[in-house]
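The listed protein sequences correspond, in order, to chains Y and P. Per our numbering, the very first residue in the first sequence carries number 561; after that it's consecutive. Per our numbering, the very first residue in the second sequence carries number 212; after that it's consecutive. Ideal placement from N, C-alpha and C gives every residue a C-beta, glycine not left out.
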Amino acid sequence: MVALYATRAGRPQGHLDPFRYSCKNRYSEEKANMEAALLKREFAAVLGGPLDWQARPEPETVDSGVPDIHLPRGCLTEIFGPASSGRTTLLYSILAAATGRGELCALVDADGAFDPESATAAGVHLCKMLWINCANSVENALRATDLLVQGGGFGIVAMDLGDAPQRTVRRISLTSWFRLRRAVENTPTVLVALARLSNAKTCASLMLECRRERSAWSGNHPARLFRGMRVRATAVERRKACTPVFTAKAI
Amino acid sequence: MYACLHGQGNLTALAAEFSPVVERTAEETATFDVSGLERLFGMPQDIAHAIMRRSAEVQVKANLALAVNPDAAICAARGFSGVSIIPEGDEAKFLGTLPLAVLAPSEELAETLERWGIRRFQELAVLPPLGIAERLGPEGLRLRELARGEANRKLAAIEDPLCFEDEVELEYPVELLEPLAFLLSRLLTGLAMRLATRGLATDELRLRLKLENRATHERTLRLPVPSLDTKAFLKLLQLDLEAHPPAEPVVHVWMGMNPVKPQAAQSGLYVLAAPEPVKLELTLARIRGIVGEGRVGYAEVLDTHRPDAWRLACRLESRHGKLKACSTEGFRRYRPVRTAHVTLASGQPGFVAANGVRGRVLEYAGPWRTSGDWWTVDPWQRDEWDVALSDGALYRIFCSPGGWFVEGSYD
């Protein structure tokens, strides 16, 4: 009995004061520990292996419209890459998949760069997508995103900082990103941020780096056509990384 | 006890001053329930005196009759001039001398009764009911009951049109929004309670503020779904007044609510979660306060070939039908389009320079010539090129009568 007590306390047996605790308290604690150990053992037997009781459950993921890319709900996902790297195509694909599922989405457009025509062509149901044009104000975009995430009920909340000056975007403090991450935590919303470079750092659960591999042109002048481009999106997660490739067509 | 007014003037309004249950029996007749008025006025004679005094004040010329049943009161008011008070149990005796024309029988029945020599109430009242039923049917029996003053029924009361409005006259002008919010809260709570007691909600709030310079400041808030959430209403009004403040201090506040049936919807287990409509409206109002009016909504592509033709709608009807999702090239627009300096080589773009865009043309496709609306006052025409520049990006540039522009980038 004393050995068990010493193990729990993590101290050598010689340092124990046998009169410090009453026997009754000792027996009840030991009994509780034993019951907990038995319960864990039973759970492990049912679930097929030992469980990490401190670990949080994996977040539910949603389809992004691109094979092998799944976005975690209740987390911040960052899409970044230079101009014409396929970031917007990926964002439209995510929005198309979400609105196709019937979810209400919101796009906070810091620069008013959203093109409804190409979004419709990409399959986005515009009647399910709220568009907030912040007219070249990153600060307003942050405030609007915060309000939308706090309001709740959206499937996707996307903040597009793709054309904002990098110097301004860099000025967004990590506290703001952390606030957004905390606001979206434990909600079914997927928060997506689009920018030229990665800014959210550790606040992002998933980072998707887009890179254009090549552009496709066909025909000869004057009947030459821009056909599309091949984009490589590198998903960087905490534990795993995958590099799916998708093709975006111009026409 | 029932009272009947028969004459000229606004009888309904006069009756409504004495009773909440008023029946518009005919064009010149109004019947109303005066039960309980004896506590206010005393005897039936006193009640009749009060009604006649008020009718003289509002210039209503009418006969008045009081009886224990409405039909007896109606007959007396139509048959006797002045004030008639029929004692309980003496209806047949009181009404006996009236002509049968007061009952307005059908033409056929009136002719039959005329042939029988029956011209007054008392003559019809003494006839045996079985004989009348055999010869004249149910209508004859009803006339006999009326002639005896025994018919009893409930009044078909006029229902007031539902009107949910309230106003408050201020003793001194209010300049700040915060004290005004207290008044708005009071009006909202009262109106919402009135709606709730009738099982109604509202989908439209109207606010009319009279200003110190005698001008009127009107605001109307439309809600996506009927609601009774006074806190949300107050916040919406506050945000709206912050965005559109009155020009002068406020001296009078009027508020109206549009009564509608509340929307009852049961959500299912498999229905996707969506923001609560009123909460979403509140969030959008807050965002409008940040980014400005006309920048929040659902985009709707217009049915035209004009580039970048869309409009923002507050709410769009859900369109059923599946869009064909294909991985189409995303396009980012520059709003407004950026003026460009384009160097041509052999009639084709060779170098493009604009704000934030600069590079040698590595690859191009075009020109694609489009035009439209030439039949209107605002025609357009352009030659478009898709170009890959040496800065690594793909752009759409166009040449119009106004010069060269960069429209946006493929991304």
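Just confirm the distance between the C-beta atoms of E638 (chain Y) and A760 (chain Y), as a whole number of angstroms; I'd bet it's less than 8 angstroms. Here residue 638 (chain Y) is taken as the residue at index 78 of the first sequence, counted from 1. Here residue 760 (chain Y) is taken as the residue at index 200 of the first sequence, counted from 1. Indeed they touch by this definition, with Cβ atoms about 5 angstroms apart.
Subject >> Per-residue DSSP class, three states only, for A718 (chain Y) >> reply: Taking the first sequence and counting its residues from 1, one reaches residue 718 (chain Y) at position 158. In the structure shown, A718 (chain Y) sits in a strand (DSSP, three-state: E or B).
Item to check | Cβ-based burial, N693 (chain Y) [other Cβ within 10 Å; buried from 16] | outcome: For the purposes of this step, residue 693 (chain Y) is taken as the residue at position 133 of the first sequence. N693 (chain Y) comes out buried.
Sufficient close CB pairs (3 or more, under 8 angstroms) joining the segment 311 to 319 of chain P to the segment 245 to 254 of chain P: no
Item to complete: Please go through the same chain and pick out, in chain order, the residues whose beta-carbon is closer than 6 angstroms to the beta-carbon of A227 (chain P), but skip the five residues on each side of it.
Response: Working through the second sequence from its first residue, we reach residue 227 (chain P) at position 16. Result list for A227 (chain P): V233, in chain order.
Which residue wins for smallest C-alpha separation from A656 (chain Y), given the options Y:D675, Y:E769, Y:R774 and Y:L686?
In the first sequence, residue 656 (chain Y) corresponds to position 96, counting from 1. Measuring from the Cα of A656 (chain Y), the nearest candidate turns out to be Y:L686.
Exercise for review: Give the DSSP bridge partners of Y575 (chain P), in chain order.
Suggested key: Sequence index remark: in the second sequence, residue 575 (chain P) carries index 364 (1-based). The partner list for Y575 (chain P) (beta bridge, DSSP) reads P:V598.
Requested in this report: Starting from the C-beta of R580 (chain P), find all residues in its chain whose C-beta is less than 6 angstroms away, skip the five residues before and the five after it, and write them out in chain order.
Outcome: Stepping through the second sequence from its first residue, residue 580 (chain P) is reached at position 369. Same-chain partners within the cutoff: D594.
Given this structure, state the Cα-to-Cα distance separating L420 (chain P) from E429 (chain P), to the nearest angstrom. Looking up residue 420 (chain P) in the second sequence gives position 209. Looking up residue 429 (chain P) in the second sequence gives position 218. Going by the C-alpha atoms only, they are around 6 angstroms apart.
(Q) Taking a contact to mean a Cβ-Cβ separation below 7 angstroms, would you say P412 (chain P) touches P473 (chain P) in this structure? (A) Here residue 412 (chain P) refers to the residue found at position 201 of the second sequence. Here residue 473 (chain P) refers to the residue found at position 262 of the second sequence. Note that residue 412 (chain P) is Ala in the sequence shown here, rather than Pro. Yes, they are a contact pair.
ask   = Quick one, are the C-beta atoms of E773 (chain Y) and R787 (chain Y) less than 7 angstroms apart?
value = Position 213 of the first sequence, counting from 1, holds the residue named residue 773 (chain Y). Position 227 of the first sequence, counting from 1, holds the residue named residue 787 (chain Y). No; because the gap between Cβ atoms is not below 7 angstroms, this pair is not in contact.
Are any of the Cβ atoms in chain Y nearer than 7 angstroms to that of A443 (chain P)?
Position 232 of the second sequence, counted from the start, is the residue given in the question as residue 443 (chain P). Not closer than 7 angstroms to any Cβ of chain Y, the Cβ of A443 (chain P) fails to qualify, so no.
message: Any beta carbon from chain P within less than 7 angstroms of T705 (chain Y)'s own beta carbon?
response: Locating residue 705 (chain Y) in the first sequence gives position 145, where the first residue counts as 1. No, T705 (chain Y) lies away from the interface with chain P (no Cβ there is under 7 angstroms from its Cβ).
Q. Listed in chain order, which residues of the segment 690 to 718 of chain Y have Cβ atoms closer than 7 angstroms to some Cβ of chain P?
A. L690, W691, I692, N693, C694, A695, N700, R703, A704, L707, L708, G711, G712, G713 and F714
Note to self: For L555 (chain P), tell me which candidate among P:R517, P:P231, P:C374 and P:F609 has the shortest Cα-Cα distance.
What the structure shows: For the purposes of this step, residue 555 (chain P) is identified with residue 344 of the second sequence, where counting begins at 1. The shortest C-alpha separation from L555 (chain P) is found at P:F609.
Notebook entry, point to check: Between L399 (chain P) and P460 (chain P), which are expected to be in contact by the criterion C-beta below 8 angstroms, what is the C-beta distance as a whole number of angstroms?
Noted result: Taking the second sequence and counting its residues from 1, one reaches residue 399 (chain P) at position 188. Taking the second sequence and counting its residues from 1, one reaches residue 460 (chain P) at position 249. About 21 angstroms separates the two Cβ atoms, so there is no contact after all.
Quick check on P231 (chain P): buried or exposed, where buried means 16 or more other Cβ atoms within 10 Å of its Cβ? The residue labelled residue 231 (chain P) in the question sits at position 20 within the second sequence. Exposed.
- the segment 740 to 757 of chain Y / the segment 624 to 644 of chain Y touching (three or more Cβ pairs under 8 angstroms): yes
Note down, one range per segment and in chain order, each alpha helix (DSSP H) of at least 4 residues found wholly within the segment 606 to 694 of chain Y.
-> 647 to 660 and 676 to 681
By the three-class DSSP mapping on this structure, what secondary structure does D723 (chain Y) have?
Stepping through the first sequence from its first residue, residue 723 (chain Y) is reached at position 163. In the structure shown, D723 (chain Y) sits in coil (DSSP, three-state: anything other than H, G, I, E or B).
Closest residue to E382 (chain P) among P:A426, P:H463 and P:R346 (Cα-Cα distance): Residue 382 (chain P) sits at position 171 when you count from the first residue of the second sequence. The option with the nearest alpha carbon to E382 (chain P) is P:H463.
Item checked: Contact set between M789 (chain Y) and chain P, taken where Cβ atoms lie within less than 8 angstroms -> Your numbering for residue 789 (chain Y) matches position 229 in the first sequence. Within 8 angstroms Cβ-Cβ: E540, L605 and Y621.
By a C-beta neighbour count over all protein chains shown, 10 Å radius and 16 as the cutoff for buried, is W327 (chain P) buried or exposed?
Counted from its first residue, the second sequence places residue 327 (chain P) at position 116. By the 10 Å Cβ count, W327 (chain P) comes out exposed.
Worksheet item: Cα-Cα, which of Y:M719, Y:A718 and Y:C763 is closest to S733 (chain Y)?
Response: On the first sequence, residue 733 (chain Y) is found 173 positions in, with the first residue counted as 1. Ranking the options by Cα distance to S733 (chain Y), first place goes to Y:C763.
Tell me whether the beta-carbon of A358 (chain P) lies closer than 7 angstroms to the beta-carbon of F332 (chain P).
For this step, residue 358 (chain P) is matched to residue 147 along the second sequence. For this step, residue 332 (chain P) is matched to residue 121 along the second sequence. Cβ distance < 7 angstroms, so A358 (chain P) and F332 (chain P) count as in contact.
I'd like to know if A227 (chain P) contacts chain Y, where contact means its C-beta is closer than 7 angstroms to some C-beta of that chain. In the second sequence, the residue the question calls residue 227 (chain P) occupies position 16. Closer than 7 angstroms: no.
| Which bits of chain Y does T494 (chain P) rub up against, with CB to CB less than 7 angstroms? | To locate residue 494 (chain P), count along the second sequence from 1; it is residue 283. Those are L707, L708 and G711, listed as they occur along chain Y.
Helix, strand or coil at R264 (chain P) according to DSSP, with G and I counted as helix:
Taking the first residue of the second sequence as position 1, residue 264 (chain P) is located at position 53. Residue state, collapsed to three classes: helix.
So if DSSP puts S758 (chain Y) in a beta bridge, which residue, or which two residues, is it bridged to? Within the first sequence, residue 758 (chain Y) is the residue found at index 198, counting from 1. According to DSSP, S758 (chain Y) bridges with nothing at all.
- Message: Can you check whether the C-beta of I501 (chain P) is within less than 7 angstroms of a C-beta belonging to chain Y?
- Response: As a position in the second sequence, residue 501 (chain P) is number 290, starting the count at 1. At least one chain Y Cβ lies under 7 angstroms of I501 (chain P).
*If you check the beta carbons only, do L768 (chain Y) and A718 (chain Y) fall under 7 angstroms apart?*
Locating residue 768 (chain Y) in the first sequence gives position 208, counting from the first residue. Locating residue 718 (chain Y) in the first sequence gives position 158, counting from the first residue. Contact flag unset, no.
- So, is H217 (chain P) buried or exposed, given that buried needs 16 or more other C-beta atoms within 10 angstroms? If you number the second sequence from 1, residue 217 (chain P) lands on position 6. Per the 10 Å Cβ criterion, buried.
Problem set entry | V507 (chain P) versus Y:L708, Y:E602, Y:S765 and Y:D723, residue with shortest Cα-Cα distance | Translated into positions along the second sequence, residue 507 (chain P) becomes position 296. The residue with the shortest Cα to Cα distance from V507 (chain P) is Y:L708.
Sheet register partners of I608 (chain P) (DSSP bridge):
Counting from 1 along the second sequence, the entry for residue 608 (chain P) is found at position 397. BP columns for I608 (chain P) point to P:W596 and P:V617.
Strand pairing of T242 (chain P), partner residues [DSSP]: Sequence index remark: in the second sequence, residue 242 (chain P) carries index 31 (1-based). Answer by DSSP bridge pairing, in chain order: P:C215 and P:E234.
### Contact with chain B by I608 (chain P), beta-carbon distance below 7 angstroms
Absent here is chain B; the protein component of the structure consists of chains Y and P.
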